[in-house]
Structure formats: C-alpha cells, structure tokens
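Undergrad: The numbering of the sequence shown is UniProt numbering, which starts it at 1 and goes up by one.
For reference, the structure I am asking about is given below.
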Amino acid sequence: MSKYIDFDDPHNRNTYVGRSADPAWSVLFARLMRPEGRLVADLGCGGGIYTKAIAGMAPELVVGMDSSHLSLESARSYCQGVDRVSLLLTDAEAVGTDNGVFDGVVERALIHHFTTLHRNFREARRILKPAGLLWVQDRTVDDVLLPPSAEHIRGYYLAFDERLRATEIERRRREPDVTSALLEAGFRLVDSSKVRELRKVFREPGELYEEIVLRRGRSLLHALDDRRIRQLADYVVERIPRWPAVERDTWTVWIAEK
C-alpha cells in the first residue's frame, strides 16, 4: 500500500510497537466519537496501539484492519488478552465487509500512505452506518514544517537531510485538500482541529538515539541507510537541551459524518 515503507519486510516488524496511546488522546477520542457500545473499525491499525486504546472505551467491538501480515502479528501480540478486539487482514481501499456495518471508522496516520484519497474515503463511507462517524488523523504540510524543538523532534529530521524534507512535503497534504476529498466522497464535515499528542518521553540520550536508529514509528526514516541514520541520531541528540525529553506531535483531526 505505502510507497515509503514495506510493512511486510521482517526488518520493519517493530516499527510501530513499543508505546501506548496518549491518555489525553483517549479522552478526546471517547468524547468526540462516543465508541461505547458501538462497532468501530480501525483502518490501518499497524501494531494495534490505538486498537487497544479504543478497546478500553467499552465498544461492542473494535476491528483492527491492516494489509500487512507482520503488522497484524504485532497487533495480535500487543492486544493479547484484551476483550472486544478482532483483527482482520484487508486493504483500507477495499475492505470487503458488508455495507453499513460500522458506527465509527478510525484512520490514524493512514492517509499519507495513499497516492489519492477518494478510494479510501469512499470505502470508509460505504462500511459506515447512516450517521456513522469517520475520524481521520494525520499531519498536514504545515504540521510537519513546524520549527524543530525538544518537543517537535521530527523537525530536526527535516533540518538534517533535505531528502527527508522533500519526501515529507511530497507525502503530506494541506488541510483544505483533505476536507475537499471528504466532501467529494459524500461526507459532512463535523469538525477539523489541531491536536497535540504526547508521543514518548525519553529519559536519557541513549533512549532517543536507539529510537531513531531503529526507525521506530517513523516510516520516513527508512529513506536513510544505516550510516546516515546514525549520523541523524547523533545530530538530534546533540540538540536536545535537557533530559528527559518529552516528544509531542502536532496532528490535524477531521471528523466527518456519513
């Protein structure tokens, strides 16, 4: 699905594991999407971080869906023993379930992997019940171009390597373009807003260095070879003024109704 990372390459098995969802994200999601007692699809669930978080909100069921066998293996391990979770190998642009099944559909950090949005958004609308809600969360061009800082650590990646900056700009969209694609797919826009989400706390430099070198949670970093990734890790760690470092990502969230 993605042209930026092969999610079924065994070397990438642990790219999207090793952390939990920000509790503040869970509070916001529960308030806006109201998943309690409802059937929710988590499209592009990856390692199951947010599938597990949604399961903790007492839905009828949350179905984590991904096109990668290895990602679903990671999700199965991460969600082991968690009630109200099911996992399905499928394509986010052709899910294959019946029409009008889900009360809510979640697409977090998914749409930047698509060349176009219309197929995915139409499929999300198809599997939603009438008045069902779609949660789209991704970074816009403006989000990724924020100045680098101890909180916006990925900003240092773009400052370090022009290829990363060019790739990031290429794969991100502007907020009005996503809104237009949702409307063209037949959705009604309920809300769009910026969200600051806690990603991870790095207690000391070695933790951040390892995170970067292993490319955890950052498909963008697979554009660099091992030598260059170590140079990036050194570059970033040297620029963090104090520890622990608290990384927060800026996202744009769209909520749309069928």
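Just so it is clear, CB atoms sit at the ideal spot from N, CA and C, and this is done for glycine as well.
In this text the structure is predicted, and so the values were computed from the model without any measurement.
Once you ignore the five residues that flank Gly37 on each side, which residues in its own chain have a CB closer than 8 Å to its CB?
TA: The answer, listed in chain order, is Ala58, Pro59 and Glu60.
Undergrad: Of all the options Arg31, Thr167 and Thr90, which has the alpha carbon lying nearest to the alpha carbon of Ser219?
TA: If we check each option's Cα against that of Ser219, Thr167 comes out closest.
Undergrad: Could you name each continuous beta strand (DSSP E) segment of 3 residues or more that falls completely within the segment 108-151, going from the start of the chain to the end?
TA: Taking only runs of at least 3 residues, the beta strand (DSSP E) segments lying wholly in the segment 108-151 are 128-138.
Undergrad: Using three-state DSSP, classify residue 259 as helix, strand or coil.
TA: Residue 259 lies beyond the stretch modelled for the chain, which goes from 1 to 258, so this question has no answer here.
Undergrad: Determine the contact status of Gly96 and Leu128, defining contact as a CB-CB distance below 8 Å.
TA: It is not a contact, given that the beta carbons lie outside the stated cut-off.
Undergrad: Measure the Cβ-Cβ separation of Trp243 and Arg203 and say whether it is below 8 Å.
TA: Yes. Within cutoff.
Undergrad: Give the DSSP-derived three-state secondary structure of Thr252 in the structure shown.
TA: Thr252: strand per DSSP, three-state reduction.
Undergrad: For Arg126, tell me which candidate among Asp142, Gly104 and Val141 has the shortest Cα-Cα distance.
TA: Of the listed residues, the one whose Cα sits closest to Arg126 is Gly104.
Undergrad: If you draw a straight line from the C-alpha of Asp138 to the C-alpha of Leu214, how long is it?
TA: Straight-line Cα distance between these residues: approximately 22 Å.
Undergrad: Between Thr252 and Leu110, what straight-line distance do the alpha-carbon atoms span, to the nearest angstrom?
TA: If you take the alpha carbons of Thr252 and Leu110, they lie about 12 Å apart.
Undergrad: Just verifying my parser: in three-state terms, what is the DSSP assignment at Leu57?
TA: The sequence as given places Met at residue 57; Leu does not occur at that position. Note: Met57 maps to coil in three-state DSSP.
Undergrad: Measure the C-alpha to C-alpha separation of Gly81 and Lys52 and round it to an integer number of angstroms.
TA: Gly81 and Lys52: Cα-Cα distance of roughly 10 Å.
Undergrad: Give the C-beta separation of Val106 and Val85 to the nearest angstrom, bearing in mind that I take them to be a contact with Cβ-Cβ under 8 Å.
TA: The pair is not a contact, with the Cβ atoms about 13 Å apart (cut-off 8 Å).
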